[in-house]
Amino acid sequence: MYAFKINGGRTLSGQVQVKGAKNAILPLMAAALLTDEPITLHNISYLSDVLTLSDLLTSMGASVVQDADSITIQCSQITCTTASYDYVSKMRATFWVLGPLLGRFHQAKVSLPGGCAIGARPVDLYIKALEKMGATIEIDNGYVVAKGPLHAAEISFPKISVGATHNTIMAAVLTPGITVIHNPALEPEAVDLIRLLQKMGADIQGVGTRTLTITGVSKLHGTDYAVISDRIETATFAVATALTRGRVMIKGGDISLMQSVAETLYPSQIELTQTQDGLLVDATHANLVATPITTSEYPGFPTDSQPLLTTMLSVAKGDSLVTERIYENRFMHVPELNRMGANIQIIDNKNILIHGVSELSGATVTSSDLRGGIGLVLAGLVAKGESIVQRVYHIDRGYHRVEEKLTALGADIVRFKQEKKG
Ligand code: UD1
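Number 94 in numbering that gives the first Met the number 0 belongs to position 95 of the sequence shown; there are no gaps in the numbering.
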């Protein structure tokens, strides 16, 4: 297993490139199942999650061709409509092939994802929506076995789910009649999926509102499409810059996708300037101060940025209350941060109280999930002395060679292989 060794205290400066959002690339790749013509996605980052979904699509008979910056997927010869546990257990988003398979082929067998480190993460909303559209669904040996054909329906989500929104939209675009979805997710990645589908010929009205109206079409066609930039990766480099009092141009960064995060940086006198190239973060005069955070659905503060800001606020002046409203177990990085000298009180599984300290100190810590893991890397960048962050495979799911990007900005971070402990 690989780990990062970080010597903290270096100021970051220069420029770094962010690529297409992981959380957009994955549903966009799944959408390629909806047509027999090629879909080319640009601005691709070869994260391990992207490779996992590529492997799944290939196992189903898709042709997947990867170039430096783009991926072309053609699903003209799908021979298998099963997504096995091997794939779904690695990455929950592989479950999202359910909707497009059912919409186009009227059948799918997809392993249930089960829980994950940050919470139980059920799929009831996906299932109920598909059942409302006429699917017969059985759970057999840990698999969802779904059969169509589907019909149009009016679906109201009692709770906002990004994945259930993606899945239902993909199921509806080829389904005859008018499907109405109330209370869909408005995350920029959900909007990106709709934009791709529209380019493929789908008829979807109400984009960016809480009611989507989808008129099924008989066929979708191939296209090419540039994936929206990664707002969480942008926030990661912004926080890294803030913590180290640096000045970094985040090429491809787009502040309009992360206003709620920007609002938590402004009180600490971190200057954010949007240019044509990207987002310039200037923290040379930063004075980190306590700021309350409550995660919520877009346009609220994203749960995926919570661990980043928790690290930043752990060295800010004063007490910050952080409330997590999306997941029931998203503070796993907190005990590890405390081992680095942070003073964070876990009040319950939804609230932590951060008492800012003047500095963190290096320690060996372990990532238990993607965003918590990168939160520990950020802590290592500013901690005094050497930190080891273990289990970086979690981080590789959402960041492509993050150590190389940080090194180019002046950080002292290396990846190394850890010997197995006896
Ligand atoms: C996506 C993102 C993830 C982000 C999350 C919330 C990807 C690949 N992942 O995950 O990074 O943290 O959105 O912004 O894009 N829920 C149910 N029943 C369901 C579905 C969801 O109760 O059927 C609950 C979940 O347990 C969670 C909440 O709804 O508490 C939101 O989850 P959801 O928006 O579905 O997250 P994902 O789409 O899995």
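Positions of the beta carbon are idealized from the N, C-alpha and C atoms, including for glycine.
Source: prediction; values computed, not measured.
Three-way DSSP call (helix, strand, coil) for residue i in this model
i      : result
Val356 : coil
Gln65  : strand
Met311 : helix
Phe236 : helix
His76  : It should be pointed out that residue 76 corresponds to Gln in this sequence rather than to His. Of the three classes helix, strand and coil, the one that applies to Gln76 here is coil, per DSSP.
Thr290 : coil
Gly8   : coil
Leu219 : coil
Ile412 : strand
Lys18  : coil
Ser155 : strand
Ile126 : helix
Leu50  : helix
Asn350 : strand
Gln258 : helix
Val364 : strand
Met248 : strand
Leu185 : coil
Ser88  : coil
heavy atom of ligand 1 below 7 Å from residue i C-beta
i      : result
Ala447 : Only positions 0 to 421 of the chain appear in the structure, and residue 447 is not among them; the question remains open.
Leu27  : no
Arg120 : yes
Val17  : no
Glu418 : no
Ile325 : yes
Asp202 : no
Arg91  : yes
Val161 : yes
Asp303 : yes
Glu188 : yes
Tyr125 : yes
Asn6   : no
Asn22  : yes
Lys158 : yes
Exposed unless 16 or more other CB atoms sit within 10 angstroms - verdict on residue i
i      : result
Asp48  : buried
His165 : buried
Gln273 : exposed
Thr243 : buried
Tyr265 : exposed
Gln275 : exposed
Asn140 : exposed
Pro298 : exposed
Thr135 : exposed
Ile138 : exposed
Gly427 : No information on residue 427 is available, as it lies outside the stretch 0 to 421 that the chain covers here.
Asp368 : buried
Asp229 : buried
Glu188 : buried
Lys18  : buried
Closest by C-alpha distance to residue i, when choosing among the options
i      : options                        : result
Gly317 : Leu352, Glu335, Leu307, Gly340 : Leu352
Leu256 : Arg338, Arg329, Asp191         : Asp191
Val280 : Arg390, Gln65, Lys4, Ser12     : Ser12
Arg370 : Val401, Asn348, His41, Gly355  : Val401
Leu33  : Gly397, Leu219, Ala285, Ile227 : Leu219
Ile154 : Pro183, Gly379, Met169         : Pro183
Met199 : Ile138, Ala145, Met169         : Met169
Ala239 : Thr167, Lys404, Thr71, Val216  : Lys404
Ala145 : Met339, Leu100, Ala23          : Leu100
Leu46  : Arg414, Gly409, Thr406, Ile394 : Ile394
Gly397 : Val15, Thr39, Ile43, Asn342    : Ile43
Asp54  : Asp35, Asp68, Asp85            : Asp85
Leu287 : Thr365, Ile412, Thr263         : Thr263
His267 : Val314, Pro37, Val122, Ala171  : In the sequence as displayed, the identity of residue 267 is Ser instead of His. When each option's Cα is compared against that of Ser267, the closest is Val314.
7 Å Cβ shell around residue i - same chain, five flanking residues per side excluded
i      : result
Ser304 : Ile231, Ala234, Val260
Lys89  : Thr51
Thr293 : Phe300, Thr322, Arg324
Val87  : Thr93, Phe94, Val109, Ser110, Pro112
Ile159 : Asn182, Ala184, Glu296
Leu320 : Pro291, Asn350, Leu352
Ala490 : Any answer about residue 490 is impossible in this case: the structure gives the chain only from 0 up to 421.
Own chain partners of residue i with C-beta closer than 6 Å, once the 5 adjacent residues on each side are dropped
i      : result
Gln344 : Leu352
Ile387 : Ala2, Lys4, Thr363
Thr222 : Lys198, Met199
Ala237 : Val280
Other residues of its chain near residue i: CB distance less than 8 Å, five sequence neighbours each side excluded
i      : result
Lys383 : Gly7, Gly8, Glu358, Leu359, Ser360, Gly361
Gly60  : Cys74, Gln76, Ile77, Thr78, Cys79
Thr283 : Arg244, Gly245, Arg246
His150 : Met132, Gly133, Thr174, Pro175, Gly176
Gln417 : Met0, Tyr1, Ala2, Gln389
Any non-hydrogen atom of ligand 3 within 7 Å of residue i CB
i      : result
Asn328 : Ligand 3 is not part of this structure, which contains only ligand 1.
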